[in-house]
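Please read the structure below before turning to the comments.
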Amino acid sequence: MTLGILMLDGKMAEVPGCMAAAATFPYPVLRRVVPGARPPASAADVEALLPLYLDAARALEKEGISVLTENCNGLMVLLQDRLAAAVSVPVVTSALLMVPQIHRMMPARRIGILAFHPESVHEQVYNACGWSEHQIPVAVGGVAGSEAWHEFLRTKEIPPPPDTLRPRLEGDLIAVGRKMLDAHPDLGAFVCECTLMPPANQALRDALGLPVYDILNLLDLAMRGLFRPATPQAF
Amino acid sequence: MATPSRAPLGILMLEGKMADVPGCMACEATFPYPVVRRVVRGSRTPLSAEEAWAMLPLYIEAARELEREGVAAITANCGLIALMQKELAATVHVPVVTSALLMVPDLHRLVGGRRIGILTFFTHAVGERNYNASGWSSDDIPIALGGVGDSESWNTFLRTKEVPPELRTQLTADLLAVVRGMLAEHPDIGAFVSECTMLPACLQAVREEIGLPVYDILTQLDLAMSGSFRPADSRGGPLKAAA
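These protein sequence lines map, in sequence, to chains C and L. Residue 88 in the working numbering is what sits at position 75 of the first sequence, and the numbering runs on without skipping anything. Residue 724 in the working numbering is what sits at position 23 of the second sequence, and the numbering runs on without skipping anything.
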């Protein structure tokens, strides 16, 4: 079983927790750069990427992948239905696709959506994930006000100590989570839409004591459909 | 930095003998994280939805006790309890998972709108009522339903709650025959979801034969639990208990 990842063209963060890092996944991974694909800034940009992504998705399918994802979530979910219909394996373009099941696990609680730019997640994105904010109570927060997160976005690196970027990233993310909790005491879980955040999400879980679901949790679930022995060892 | 100790999964257990087979809820080997089991006092295997609903107060009380003890998520080992998913889940603050059917709508999107094959024990016991309790309808999501209720081996397992090696071979063969029959009738099935908590004992053998993903209560519980622990560096396994 192999996870296939369609990668944007350009330098990507190779930090554990990010799509491009080998340490992130406990199963085999096949990455394929989509030539000419730049980070989309609008729905029109995403539409323009569709033919490139369809070709690359079919190429990965021929190589025998079990599940397909891509490394720039956000607006790419607008292609979810068309990509998923074009290949025979499960396709995951956003962690927001699991919001309905998380909601049903805690129907009396609000779900906190974490994004880089909070204005980038909205009803159109939710609808592409099969749900609506009119049915599921959410609150949205982001790290766009954090200097540390902009530095990570720009450099795509988290240097080891004594560099202070990692504690700053974690501290700023936890501050965002706390603020959302203060504003919405009924918040029961976070779903993290941004693929840059997983390197810091375990710190968020440990600090706030609430579950945090991100793209890695959803990919692990999708992959377990192929491999989940009755006596699990490492995975 | 010290790794915080991991909060366990809480399992609400019916009174009586339960299958202690790997893949089943009562078995230690089934879960790669700590587990707390709580027998719901006064409960007994419900024979009807009405009997299951009558036990709701007992389950709510037991779920609140588990929550006070600090569990990360709560499940139950009885399929009919899933009819009360919403009512039970609304009474605690942690995720509650009473059925693998909860993931069907999300999974339906991951497989591009293809048909979902639902696996159960007795097909007559699963229908729109169960789907609705899990938040969806078969009017919106195309499904196929198959079960092992006619299989002698599975009825033996249900009665004895044990799987000696020769029975395992027959259980796997009979389950595989059901799955292959569903695929022959519905070639558009994109993934299977097992509603029954006895089937996981044999599902990995099925996965390896058919090459399609098969989700069950264990994959759903692994997801729920991973919300509190999923390290970014997973070379040791994302669900491996922290030392």
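Even for Gly, the Cβ is constructed at its ideal location relative to N, Cα and C.
{"Check": "The segment 823–831 of chain L contacting the segment 846–858 of chain L, beta-carbon criterion three pairs below 8 Å", "Outcome": "yes"}
{"Check": "Amino acids of chain C, ordered along the chain, whose beta-carbon sits closer than 8 Å to that of L/GLY814", "Outcome": "ASP94, ALA97 and ALA98"}
{"Check": "Under 8 Å by beta carbon: chain C residues contacting L/THR920", "Outcome": "LEU234, ARG237, GLY238 and ARG241"}
{"Check": "Status (buried if at least 16 other CB within 10 Å, exposed otherwise) for C/GLU183", "Outcome": "buried"}
{"Check": "CB contact flag (L/LEU710, L/MET899, <8 Å)", "Outcome": "no"}
{"Check": "L/SER996 - containing alpha helix (DSSP H), residue span", "Outcome": "As shown, chain L starts at 702 and ends at 944. That puts residue 996 of chain L outside it, with no answer to give."}
{"Check": "Secondary structure of L/ARG810, DSSP reduced to three states", "Outcome": "helix"}
{"Check": "Neighbourhood of C/ALA216 by C-beta distance below 8 Å, restricted to the same chain and skipping five residues each side", "Outcome": "GLU183, LEU186 and ILE187"}
{"Check": "C/THR118 - containing alpha helix (DSSP H), residue span", "Outcome": "Looking at the sequence shown, residue 118 of chain C is not Thr but Met. 112–118 is the span of the alpha helix (DSSP H), which, as asked, contains C/MET118."}
{"Check": "Proximity to C/THR208 [Cα-Cα], best of C/SER107, C/MET193 and C/TYR40", "Outcome": "C/SER107"}
{"Check": "Selected residue, minimal CA-CA separation from L/ILE712, among L/ILE782, L/GLU752, L/ILE819 and L/SER835", "Outcome": "L/ILE782"}
{"Check": "Proximity to L/TYR916 [Cα-Cα], best of L/ARG931, L/VAL894 and L/PRO747", "Outcome": "L/VAL894"}
{"Check": "Residues of its chain near C/LEU109, where Cβ-Cβ distance is below 6 Å and the 5 sequence neighbours each way are ignored", "Outcome": "CYS142 and GLU206"}
{"Check": "Beta-carbon proximity of L/ARG816 to L/PRO843, cut-off 8 Å", "Outcome": "yes"}
{"Check": "C/ALA252 to C/GLY77 span [Cα, whole Å]", "Outcome": "Nothing in the structure corresponds to residue 252 of chain C, since chain C is present only between 14 and 248."}
{"Check": "Below-8 Å beta-carbon distance, L/MET804 vs any chain C residue", "Outcome": "yes"}
{"Check": "Any chain C beta carbon closer than 8 Å to L/HIS887", "Outcome": "no"}
{"Check": "Option in L/LEU922, L/MET804 and L/LEU715 with minimal Cα separation from L/PRO747", "Outcome": "L/LEU715"}
{"Check": "Check: C/HIS135 C-beta below 7 Å from any heavy atom of the ligand ATP", "Outcome": "Of ligands this structure carries none, so the ligand ATP is not represented either."}
{"Check": "Where the segment 132–145 of chain C meets chain L: residues whose CB sits under 8 Å from a CB there", "Outcome": "CYS142 and GLY143"}
{"Check": "Environment of C/ASN140 [buried if 16+ CB atoms lie within 10 Å]", "Outcome": "exposed"}
{"Check": "Three-state class that DSSP yields for L/SER649 in the structure shown", "Outcome": "This structure does not reach residue 649 of chain L, given that chain L is present from 702 up to 944, and the question cannot be answered."}
{"Check": "L/MET702 versus C/ASP219 - alpha carbon distance", "Outcome": "Because the pLDDT at L/MET702 is just 42, under 50, the model does not fix this residue reliably, and the point stays unresolved."}
{"Check": "Short-range partners of chain C found in the segment 760–789 of chain L, where Cβ spacing is below 8 Å", "Outcome": "ALA773, ALA774, GLN786 and LYS787"}
{"Check": "Chain L contacts from the segment 113–127 of chain C (Cβ-Cβ distance under 9 Å)", "Outcome": "PRO113, GLN114, ILE115, HIS116, ARG117, MET118, MET119, PRO120, ALA121 and ARG122"}
{"Check": "Residue nearest to C/ALA243 in terms of C-alpha spacing, selected from L/MET719, L/GLU770, L/ALA906 and L/ARG810", "Outcome": "L/ALA906"}
{"Check": "Beta-carbon proximity check, C/ILE126 vs C/ASN84, cutoff 8 Å", "Outcome": "no"}
{"Check": "Which of helix, strand or coil DSSP assigns to C/CYS142", "Outcome": "coil"}
{"Check": "Chain L within 8 Å of C/TYR66, Cβ atoms only", "Outcome": "no"}
{"Check": "L/ALA703 (DSSP reduced to helix, strand or coil)", "Outcome": "Annotation note: pLDDT 44 at L/ALA703 (below 50); position unreliable, coordinate value reported separately. Residue state, collapsed to three classes: coil."}
{"Check": "Beta-carbon proximity check, L/LEU820 vs L/GLU896, cutoff 8 Å", "Outcome": "yes"}
{"Check": "Residue interval of the alpha helix (DSSP H) (run including L/GLU788)", "Outcome": "786–790"}
{"Check": "Proximal residues to L/CYS728 (C-beta, below 8 Å), its chain only, five neighbours per side dropped", "Outcome": "ALA720, ASP721 and VAL722"}
{"Check": "Per-residue burial, L/SER706 [other beta carbons within 10 Å of its own, 16 or more giving buried]", "Outcome": "exposed"}
{"Check": "Segment contact flag, the segment 152–165 of chain C with the segment 86–93 of chain C, C-beta cutoff 8 Å, min 3 pairs", "Outcome": "no"}
{"Check": "DSSP beta-bridge partners of L/ILE775", "Outcome": "L/GLY711 and L/VAL797"}
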